[in-house]
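Undergrad:
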Amino acid sequence: MQKTCYNCSEKEQTPPFAPQRGKGLAASTQMARKIVVTSGKGGVGKTTVCANLGLALARRSLRVLLIDLDIGLNNLDVVTGVENKVVYDLVDVVECRCRPQQALIRDENEPTLYIMGSCHTAKRQITPDAVNKVIGRLNDSFDYIFVDCPAGIDVGFRRAVSCADEAIVVVTPHISAVRDADKTAGYLGGVMSYVGIVVNRVRGDLIADGEMLSAFEVFSVLNGTPLGVVPDDDDINCGLVSGAAAKPFDILAKNLHTGSREMYDCVTPFRGIFGRLRRRLKRRR
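755 is the number of the first residue of the sequence shown in the numbering used here; add one for each residue after it.
1) Are the CB atoms of Ser895 and Glu920 within a distance shorter than 7 Å?
2) Which residues mark the beginning and the end of the beta strand (DSSP E) in which Glu920 is found?
3) State buried or exposed for Pro865, treating a residue as buried only when at least 16 other CB atoms are found within 10 Å of its CB.
4) To the nearest angstrom, how far is it from the Cα of Ala737 to the Cα of Leu811?
5) Flag this pair as yes or no: are the beta carbons of Asp902 and Cys804 separated by less than 7 Å?
6) Can you give me the C-alpha to C-alpha distance between Asp934 and Gln855, rounded to a whole angstrom?
7) Using the Cβ count rule (16 or more neighbours within 10 Å means buried), how would you classify Ser974?
8) Hey, Asn977 and Gly943 are a contact pair by Cβ (cut 8 Å); roughly how many whole angstroms apart?
9) Which residue's Cα is closest to the Cα of Arg853: Arg891, Lys795, Arg814, Val983?
10) Ala905 and Leu823: beta carbons closer than 7 Å?
11) Among Lys788, Val832, Ala786, Met785, whose alpha-carbon lies nearest the alpha-carbon of Thr802?
12) Roughly how many angstroms separate the alpha carbons of Asp861 and Glu837, rounded to a whole number?
13) If we count the other Cβ atoms within 10 Å of its Cβ and call it buried at 16 or more, is Ser872 buried or exposed?
14) Considering only their Cβ atoms, is the gap separating Leu830 from Phe1003 smaller than 7 Å?
15) Mapping DSSP to helix, strand and coil, what is Pro1023?
Shown next as structure tokens:
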């Protein structure tokens, strides 16, 4: 009996969940922006930035899909809080066990945010062509498709990069992270139409004391467009954020969607007399 490959089926089906585009925008004339979110090294908060940026865009009524391509070290489902809802994942789609739409999980609070998880192992090597076919089936159902990429520059990185037209490099203001991000951004600059730089885990108190690189110093040495700044905040490290903790990602989403250059200010609260007091209190924590 011949096995049906849902991913390779010639007959395209519109996902039943897909929200309608605005008037005058036909599905065939506006495709998703496909963006890979990567970093030079692990542990810089790449997945957290990817998840919260997607959430911020969804709050602007844009249709967003987050795909976890960090096979083996995947945790996008954990960060977004859907780990207990995963029935099918990306590997299931690639290996023809389900249709792409069946592997999508809708966020409980934002109806235009979807997550496609991954798995810890795969029976066979997942090729770039296979992933591209999956994304191609979903391309006209979303405004943004973010691919959460493995850290470093290896097979997993190149597979993720081949699925996108644009890239976001997440880096922390530490010399080792900047050095690795420089190599990554340099490579991406030759293959992507756009490379945005996000400086994550910025501590305004340390910058005010001259003990940490500022975001603008990091921007100046990397080959890419300054996209945003995210402070070092315990609330942000918990996963998807809301309220005041979401402001840096709202600015980030605005910059990405409109091309503006607004930057979250991490340093001004630590300047002046009251700023010095805040710095002392923060050091004592």
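Glycine included, every Cβ here is placed at the ideal spot set by N, Cα and C.
TA: Reading it off the structure:
1) no
2) 920 to 925
3) exposed
4) Since the first residue shown for the chain is 755 and the last is 1039, residue 737 is missing from the structure and cannot be characterised.
5) yes
6) 36 Å
7) exposed
8) 5 Å
9) Arg891
10) no
11) Val832
12) Each residue's alpha carbon lies about 11 Å from the other.
13) buried
14) no
15) Looking at Pro1023 - three-state DSSP - the assignment turns out to be helix.
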